[in-house]
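Protein chains in written order, with this note's numbering: chain V, 4 to 270; chain E, 6 to 303. Just so you know, even glycine gets a beta-carbon here, dropped at the ideal spot from N, CA and C. All remarks here apply to the structure that follows.
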């Protein structure tokens, strides 16, 4: 009984991975999302660093930021696509009329986000080794894995918040899929240490999990983290936000069923 | 049943709607545009929560035990499915989303005559095939209860006929309870065991086709086709057995207890207009007559 219901839940979750894979494969912009923009970003940041002669460590600092930004943006887009594809196809009501839960949807699409994000990470890492002599893969495998997990969890959180915003504000919130990452990245010190931020912004930065994941990883390049346990801070905050967003997603879904948002997004 | 819109405005879509649907029947929800049919079906299919009222499906509270209910129901409403998925992929996706294995997909593709379009993406399909796919999707989880929202709207008459036949066939073979909305009276007459008429969010009549026809009190209608005439009036009152007379589209329609019995009296009545008469036919009163009568009363 338990295994059959587990199998059923897995099938439901994989339904959304299946849909995202097909729709992503047929989306002309996938290549641009996965390769073009991340490579352009990495290349320009790397060249700027070289031109400014900032030194090997600082170059690593900003390139880790550029790669992380691309990985998070890609993975979170996949999570957001679970709603966006349906909104664009006006088929959202069919998805929500099925017995799949919001968690099934998010998890299924997150799996695709992780795969796409990981592929992008490998390509960007190879590119940075080849062009800028920065080898992120030389960091201990366990640490690299924890850093990547942190990035993917962040992507899930951003994707969830974009989905929640869409259920609350409708199509007007679609833009959140592309802007949330940029806003968060501005504060979390993607190209600079959070210590350069004004005090109030620094407090905000410390409340964002990815700030700590970046600091954890950059510590391997000689940069001291703000907190003594950046990984614990990052995952602790992530768990807290995950719990909050799960409650918010249930609430927003119920609200969308009450005010007709699901029907409206299907018209 | 009313609900709050995004801006907090209270929208009253349905008022005092109360109905009971029997297991295994085809139940029709009829009404003009904006009558509240789609809102009602959205509530019944658990997509919309009204701010008052209750819905019980299979003895469960539709707003509390939603997941359990959704596993046993399905719906088809409109022609929108994920646009990049092919026929097969679409059914596979929904099969998985309902947690079922995909062994029914090929059967559904064949049964809804979609084999030729198996690998065609949804957005490339014709309207008829999109509708067929939407219907096939509604049966992907082997449901006990299916909601079909205007299943033949926008289809060619030939495709619409095939779709109606398919719905009847599935209902006969699998005994599924079907709730459908339509504004085609002939469709409701062909498919539905029981019907409810909605207008302005209210149920204005409910029952079997015979029950509903009793509302207008007539069994038959005698149609007198006229030409070159704008208005018509009679010197004397119609005799007993002729319940009402209507003049629409150059046709004079007499609602009578029996066409055979009343035809002579009708001929006498229209004698002054005899030169304008193109033909006389006797038909059974239909749901359209009921609906028009009810709309008049409302």
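query, result
"Buried versus exposed call for residue 277 of chain E [16 or more other C-beta atoms within 10 Å across all chains shown]", "exposed"
"Residue 157 of chain E (DSSP reduced to helix, strand or coil)", "coil"
"Within-9 Å CB hit, residue 40 of chain V to chain E", "no"
"Any C-beta of chain E under 9 Å from that of residue 112 of chain V", "no"
"For residue 227 of chain E, three-class secondary structure by DSSP", "strand"
"Whole-number beta carbon distance between residue 165 of chain E and residue 153 of chain E, since they are thought to touch under 8 Å", "Their Cβ separation, rounded to whole angstroms, is 13 Å, which puts residue 153 of chain E and residue 165 of chain E out of contact at 8 Å."
"Option in V:244, V:94, V:79 and V:136 with minimal Cα separation from residue 115 of chain V", "V:79"
"Proximal residues, the region 45 to 78 of chain V versus chain E, C-beta separation under 7 Å", "none"
"Test item: CB-CB of residue 76 of chain E and residue 146 of chain E under 9 Å", "yes"
"Interface residues of chain E facing residue 98 of chain V [CB-CB closer than 8 Å]", "102"
"Residue 84 of chain V: first and last residue of the uninterrupted alpha helix (DSSP H) it sits in", "59 to 92"
"Top-ranked residue by Cα proximity to residue 252 of chain E, from E:219, E:115 and E:232", "E:232"
"Span separating the alpha-carbon of residue 32 of chain V from that of residue 297 of chain E", "53 Å"
"Member of E:291, E:183, E:169 and E:43 whose CA lies at the smallest distance from the CA of residue 18 of chain E", "E:43"
"Collapsed DSSP secondary structure at residue 146 of chain E in the structure displayed", "coil"
"Unbroken beta strand (DSSP E) run spanning residue 251 of chain E, endpoints", "247 to 253"
"As assigned by DSSP and simplified to three states, the class of residue 289 of chain E", "strand"
"Exposed unless 16 or more other CB atoms sit within 10 angstroms - verdict on residue 190 of chain V", "buried"
"Nonlocal neighbours in the same chain, by C-beta distance under 6 Å from residue 107 of chain V, ignoring five residues either side", "15 and 16"
"Cβ-Cβ distance between residue 124 of chain V and residue 221 of chain V below 9 Å", "no"
"Interface flag, residue 165 of chain V vs chain E, CB-CB below 9 Å", "no"
"Backbone secondary structure at residue 2 of chain E - three-state DSSP", "No statement about residue 2 of chain E is possible, as the shown extent of chain E runs from 6 to 303 and does not include it."
"Closest by C-alpha distance to residue 41 of chain V, when choosing among V:144, V:201, V:129 and V:140", "V:129"
"DSSP beta-bridge partners of residue 186 of chain E", "E:34 and E:154"
"Boundaries (first-last residue) of the beta strand (DSSP E) holding residue 207 of chain E", "207 to 213"
"Close Cβ partners of residue 259 of chain E (< 6 Å) along its chain, the five nearest in sequence each way excluded", "227, 247, 250 and 271"
"Residue-chain proximity (residue 70 of chain E, chain V), Cβ-Cβ < 9 Å", "no"
"Pairwise C-alpha distance: residue 148 of chain E and residue 6 of chain V", "23 Å"
"Simplified DSSP assignment, three categories, for residue 32 of chain V", "coil"
"Whole-angstrom distance between residue 199 of chain V and residue 120 of chain V, CA atom to CA atom", "29 Å"
"Any non-hydrogen atom of the ligand ZN within 8 Å of residue 136 of chain V CB", "Among the ligands in the structure shown, none appear at all, so the ligand ZN cannot be discussed."
"Residue 117 of chain E in three-state terms, based on DSSP", "coil"
"With 16 other Cβ atoms within 10 Å as the buried cut-off, status of residue 218 of chain V", "buried"
"Cβ contact (3+ pairs, closer than 8 Å) linking the region 66 to 74 of chain V and the region 131 to 139 of chain V", "yes"
"Rounded separation between residue 127 of chain V and residue 171 of chain E - CA only", "54 Å"
"Three-state class that DSSP yields for residue 106 of chain E in the structure shown", "coil"
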